[in-house]
Amino acid sequence: MTMSHAVPDNDRPPPVRAVFSAVTWKEIAYLVSNLPLAIVGFVYAVVMVSTAGGLSVTAVGIPLLACGLYLSRQLGRLDRARARGLLGVRVDEPTPIPGPKRSGGFFPWLWTSIKDPVGWRTVLYQLIRLPWGVLTFTVALTGLFVLWPVLPYLVRLMANVDRAMVRGLLSPSDDLERRIAELESDRGVVVDTAAADLRRIERDLHDGAQARLVALAMGLGLAKEKLLEDPEGAAAMVDEAHGEVKLALQELRDLARGIHPAVLTDRGLDAALSSVAARCVVPVKVVVDLPGDPVGGAAGGAAGDAARGRPAEAIEGIAYFVVSELLQNVSKHAGPGARGATVEVWRAGARLMIRVSDDGRGGASPSGGSGLAGLAERLGAVDGVLVVDSPAGAGTVVTAELPWRDRDRG
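If you're matching positions, the sequence shown starts at 19 in the numbering used here and goes up one per residue.
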């Protein structure tokens with residue numbers, strides 16, 4: 019009879035584990051692949067610079083150099099992709115050089131391409147990487163057979179050097195370069211927002227006031243035909259048309275208010291936001307602390323003095339739109355338990371601050387393509403910020419920041 023004895027836990031052998039982690043193996047793959055790619059890059063850089071330099075006295079030398087720097091950019095793109103996949107280095111792509119049409123012609127484009135800092139830094143990267151590639155290839159490959167106990171530490175050290183080289187030489191030029199990329203993205207948001215606003219205005223005109231005015235014209239035409247035969251019927255149709263005119267005028271006023279309300283232009287944010295708050299389903303307290311923007315606005319000769327304390331018209335319009343959208347969200351989503359909301363607007367240095375809070379059910383989030391996400395994009399297009407604090411069951415506080423720009427005093 020065979021008896022088995024349980025092995026105590028402290029006598030069990032340790033579990034089998036990989037000698038190196040997945041990250042280490044990726045770093046080894048990167049270091050080993052350095053040499054063949056470094057040879058290609060070094061040969062290309064030397065041939066390109068020497069050929070373009072030798073032909074610089076001819077008509078083809080300068081365009082050849084511009085094309086060579088453009089191809090250097092593509093090699094840099096390949097190296098960034100390799101570093102991203104094997105080293106986990108996230109480096110933003112540099113802003114592409116505009117073509118001749120966008121640059122104002124062939125010669126401006128040629129000059130921009132020749133002095134391209136991204137292309138030149140990529141050339142420098144290709145030149146200095148050959149000796150480094152020889153070193154990393156030799157250490158990583160021989161270390162697998164000779165130095166494997168300490169190889170992970172050596173690999174990590176060399177990979178960190180590579181990470182620093184990629185970040186230092188293959189990243190966008192500087193803060194200005196990254197700022198250009200941000201502005202290009204913001205410009206796209208502004209264009210998309212403007213196009214959406216135009217489509218909304220066209221839809222509102224077509225489905226609202228235009229349709230009502232067409233029906234009004236037809237009604238007046240029928241009343242004109244009945245004027246002699248049936249005066250009473252014609253009078254009734256004219257009365258009905260009069261009511262249609264009132265409704266059409268109201269729709270046009272609402273549409274104009276949605277574009278840019280007259281009260282905002284004439285009396286400032288305080289009066290305009292008070293008008294918006296009056297249409298909210300919950301009581302809203304409006305507190306506007308801006309110099310030159312008193313309740314009731316300014317009239318006559320004091321209008322210029324009041325305008326000196328108001329933000330630029332574009333910033334004022336965005337602030338009005340933000341508060342209007344947030345109060346609409348309060349009306350739709352705050353829930354039946356909401357007892358009130360507060361709108362606060364003030365200036366803090368070079369920023370226009372807006373805070374809209376309510377005591378509703380909370381749970382609002384700018385993620386998932388909601389209206390808050392659209393507001394955040396619109397604010398981001400003008401260097402603004404939107405912060406949402408909305409714990410479930412504890413109300414919502416939305417804070418928006420806009421850059422302050424003084425109104426033109428003309």
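Idealized CB from N, CA, C, for every residue including glycine.
Presumed contact (8 Å Cβ cut-off) between residue i and residue j, rounded CB distance
| i | j | result |
| --- | --- | --- |
| residue 5 | residue 57 | Any question about residue 5 goes unanswered here, given that the chain covers just 19 to 428. |
| residue 244 | residue 252 | 4 Å |
| residue 155 | residue 53 | 4 Å |
| residue 433 | residue 61 | This structure does not reach residue 433, given that the chain is present from 19 up to 428, and the question cannot be answered. |
| residue 157 | residue 176 | 7 Å |
| residue 93 | residue 59 | 6 Å |
Own chain residues within Cβ distance below 7 Å of residue i, not counting five before or after
| i | result |
| --- | --- |
| residue 352 | 300, 376, 378 and 379 |
| residue 91 | 136, 137 and 140 |
| residue 350 | none |
Residue i - containing alpha helix (DSSP H), residue span
| i | result |
| --- | --- |
| residue 230 | 229-244 |
| residue 337 | 331-351 |
| residue 127 | 124-132 |
| residue 135 | 135-161 |
| residue 45 | 40-72 |
| residue 365 | Where residue 365 is concerned, there is no enclosing alpha helix (DSSP H), although the beta strand (DSSP E) it sits in stretches over 359-366. |
| residue 175 | 169-187 |
| residue 396 | 389-398 |
Euclidean distance between Cα positions of residue i and residue j
| i | j | result |
| --- | --- | --- |
| residue 171 | residue 162 | 12 Å |
| residue 166 | residue 159 | 10 Å |
| residue 131 | residue 84 | 5 Å |
| residue 135 | residue 114 | 12 Å |
| residue 140 | residue 344 | 48 Å |
| residue 183 | residue 107 | 11 Å |
| residue 178 | residue 45 | 9 Å |
| residue 246 | residue 240 | 11 Å |
| residue 281 | residue 303 | 18 Å |
| residue 286 | residue 238 | 40 Å |
| residue 50 | residue 101 | 13 Å |
| residue 414 | residue 279 | 27 Å |
| residue 174 | residue 181 | 10 Å |
| residue 78 | residue 104 | 39 Å |
| residue 418 | residue 128 | 43 Å |
| residue 190 | residue 63 | 20 Å |
| residue 81 | residue 151 | 31 Å |
| residue 321 | residue 288 | Note on residue 321: pLDDT 42, under 50, position unreliable in the model; no value is reported. |
| residue 145 | residue 67 | 11 Å |
| residue 261 | residue 250 | 17 Å |
| residue 283 | residue 266 | 23 Å |
| residue 248 | residue 230 | 24 Å |
| residue 263 | residue 254 | 14 Å |
| residue 95 | residue 48 | 16 Å |
| residue 235 | residue 357 | 46 Å |
| residue 41 | residue 416 | 41 Å |
| residue 111 | residue 359 | 44 Å |
| residue 133 | residue 153 | 32 Å |
| residue 142 | residue 305 | 58 Å |
| residue 346 | residue 355 | 16 Å |
Bounding residues of the beta strand (DSSP E) (the contiguous stretch that carries residue i)
| i | result |
| --- | --- |
| residue 375 | 369-376 |
| residue 97 | Per DSSP, residue 97 belongs to no beta strand (DSSP E); it is in the alpha helix (DSSP H), 79-104. |
| residue 406 | 403-407 |
| residue 421 | 414-421 |
| residue 284 | Note, residue 284: premise wrong, no beta strand (DSSP E); alpha helix (DSSP H) at 280-296. |
| residue 307 | 302-307 |
Residues near residue i by beta carbon distance below 6 Å, same chain, minus five either side
| i | result |
| --- | --- |
| residue 307 | 364 |
| residue 312 | Summary for residue 312: the model assigns pLDDT 46, below 50, so the residue's position carries little reliability; its value from the coordinates is reported in the next sentence. Cβ neighbours of residue 312 beyond the five flanking positions: none. |
| residue 125 | none |
| residue 86 | 66 and 70 |
| residue 256 | 241 |
| residue 338 | 282 and 290 |
| residue 75 | none |
| residue 98 | 109 and 188 |
| residue 297 | none |
Own chain residues within Cβ distance below 8 Å of residue i, not counting five before or after
| i | result |
| --- | --- |
| residue 411 | 379, 380 and 381 |
| residue 336 | 396, 397, 400, 402 and 420 |
| residue 35 | Note that residue 35 scores 41 on pLDDT, short of 50, meaning its location in the model is unreliable and no value can be drawn from it. |
| residue 341 | 291, 294, 361, 363, 372 and 374 |
| residue 422 | 329, 333, 365, 367, 368, 369 and 370 |
| residue 383 | 390, 406 and 408 |
| residue 393 | 340, 343, 344, 384, 404 and 418 |
| residue 258 | 237 |
| residue 185 | 107 and 109 |
Contact test: residue i Cβ vs the ligand MG heavy atom, cutoff 6 Å
| i | result |
| --- | --- |
| residue 180 | As for the ligand MG, it is missing from this structure, which has no ligand bound. |
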